[in-house]
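Mapping to this note's numbering: the sequence shown position 144 is 143, numbers consecutive. Encoded as structure tokens, the structure appears first; notes follow it.
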Amino acid sequence: MLLNTYEPWKFAFSRENDEIIEDSFGIIGVPFDSTTSYHSGSRLGPIVVREASFGFEKYNTVFNKDLTTTFYDFGDINVVPGNCATTCGIVENTVNELLDINIKPIIIGGEHSASIGSIKALTDKYGRLTVIHLDAHRDLAFDFMGERHSHATVMRRAHEMGADLVQIGIRSASADEEEFVKSTYNIQTFKNRDVHKHMDALEYYLINIDGPIYISIDMDVVDPSIAPSVGNPTPGGLFISEIETIIQTLAHKNVVGLDVVETAADRLGDNTAVVAAKIIYDFLTLIE
Numbered sequence: 000m001l002l003n004t005y006e007p008w009k010f011a012f013s014r015e016n017d018e019i020i021e022d023s024f025g026i027i028g029v030p031f032d033s034t035t036s037y038h039s040g041s042r043l044g045p046i047v048v049r050e051a052s053f054g055f056e057k058y059n060t061v062f063n064k065d066l067t068t069t070f071y072d073f074g075d076i077n078v079v080p081g082n083c084a085t086t087c088g089i090v091e092n093t094v095n096e097l098l099d100i101n102i103k104p105i106i107i108g109g110e111h112s113a114s115i116g117s118i119k120a121l122t123d124k125y126g127r128l129t130v131i132h133l134d135a136h137r138d139l140a141f142d143f144m145g146e147r148h149s150h151a152t153v154m155r156r157a158h159e160m161g162a163d164l165v166q167i168g169i170r171s172a173s174a175d176e177e178e179f180v181k182s183t184y185n186i187q188t189f190k191n192r193d194v195h196k197h198m199d200a201l202e203y204y205l206i207n208i209d210g211p212i213y214i215s216i217d218m219d220v221v222d223p224s225i226a227p228s229v230g231n232p233t234p235g236g237l238f239i240s241e242i243e244t245i246i247q248t249l250a251h252k253n254v255v256g257l258d259v260v261e262t263a264a265d266r267l268g269d270n271t272a273v274v275a276a277k278i279i280y281d282f283l284t285l286i287e
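Here it is in structure tokens:
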């Protein structure tokens, strides 16, 4: 990189990819939104989130800590527009390539279906995962408009892979999804009001999780007054300070992957893109 220039297509503070240090994190973008059912545009999420990351200093004043974590940005995968199953397979293959060189994935979406491929690759490597799922919606539909691979079915597919689910910030679901949750033993729910009123109980639960953890954050978990540019905005969401607390609690656990998806912004400097970039920035600052 030349002096006095920067690369907005890479996340701020990422290292050059010419010499990879193992046991690090690697960012990939998934510019795909072909199953979006309301507000499209999350295919542009990887671009605007990366650009927004350059608004932060290397010293994180919230946590009084420098961002010293080693991580890389490997760019965007080649998606197949209109074909969710194939795109999820490409995500899986790409994450497997990262795992082969001992790099843990961070995915910037793109719609939430991208998580399917990442969770599949990590499940094959680690066995049973605990998926910490921050979202306004359960995403537990068996199929959506006849499609099994969709932003609305991603956590059902994860559950079928054997993952334990911890769903945080939920405030919208179908009756079928609620019945499915009641019928199974390994889905724990902290709805939006639980987070607002009982953060201590959520922290206690997260602290006591053992084994590998995958964090999946749909940006619609955030209140739309703060982050409006998402696929399915829903009032009553979480606040930035609450998400900071959740990330800080999880950062000391065995986190093997992260995704931040559903930033549906079509302009640089968008509020939602800035919040999404901050979530990734906070995670990278805190992760041990």
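Just so it is clear, CB atoms sit at the ideal spot from N, CA and C, and this is done for glycine as well.
(request) Please go through the segment 144-202 and give each complete beta strand (DSSP E) segment of 3 or more residues, from N-terminal end onward. (result) Listed in chain order, the beta strand (DSSP E) elements of length 3 or more contained wholly in the segment 144-202 are 163-169, 186-190.
(request) Within its chain, find whatever has a CB closer than 6 Å to the CB of residue 11; leave out the 5 residues flanking it on each side and keep chain order. (result) 52, 53
(message) Distance check for residue 7 and residue 0, CA to CA, integer angstroms please.
(response) Residue placement at residue 0 cannot be trusted, given a pLDDT of 48 that sits under 50; what the coordinates show is reported in the next sentence. For residue 0 and residue 7, the distance between alpha carbons rounds to 12 Å.
(message) Helix, strand or coil for residue 24? Go by DSSP, reduced to three states.
(response) Three-state result, residue 24: strand.
(request) May I have the straight-line CA-CA distance separating residue 93 from residue 185, to the nearest angstrom? (result) 28 Å
(message) Can you check which of these residues, 68, 241, 95, is closest to residue 27 by C-alpha distance?
(response) 95
(request) State buried or exposed for residue 98, treating a residue as buried only when at least 16 other CB atoms are found within 10 Å of its CB. (result) buried
(request) Alpha carbon to alpha carbon, how far is residue 276 from residue 210? Give it in angstroms, no decimals. (result) 27 Å
(message) Is the beta carbon of residue 206 closer than 8 Å to that of residue 189?
(response) Taking 8 Å as the cut-off, the beta carbon of residue 189 is found no closer than this to the beta carbon of residue 206.
(message) Which complete beta strand (DSSP E) runs does the segment 37-125 hold, if anything under 3 residues is left out?
(response) 70-75, 102-108
(request) Go ahead and pull the three-state DSSP assignment for residue 258. (result) strand
(request) Could you check the C-alpha separation between residue 214 and residue 102 for me, to the nearest Å? (result) 16 Å
(request) State the CB to CB distance for the pair residue 114 and residue 260, rounded to an integer number of angstroms; the pair is presumed to be in contact (CB under 8 Å). (result) 7 Å
(message) Taking 7 Å as the limit between beta carbons, can you name the residues of its chain near residue 9, skipping five residues before and five after?
(response) The residues are 49, 72.
(message) Let me check one thing: in DSSP terms, what residues is residue 136 bridge-paired to?
(response) 171
(message) With H, G and I counted as helix, E and B as strand and the rest as coil, what does DSSP make of residue 278?
(response) In this structure, residue 278 counts as helix in the three-state DSSP scheme.
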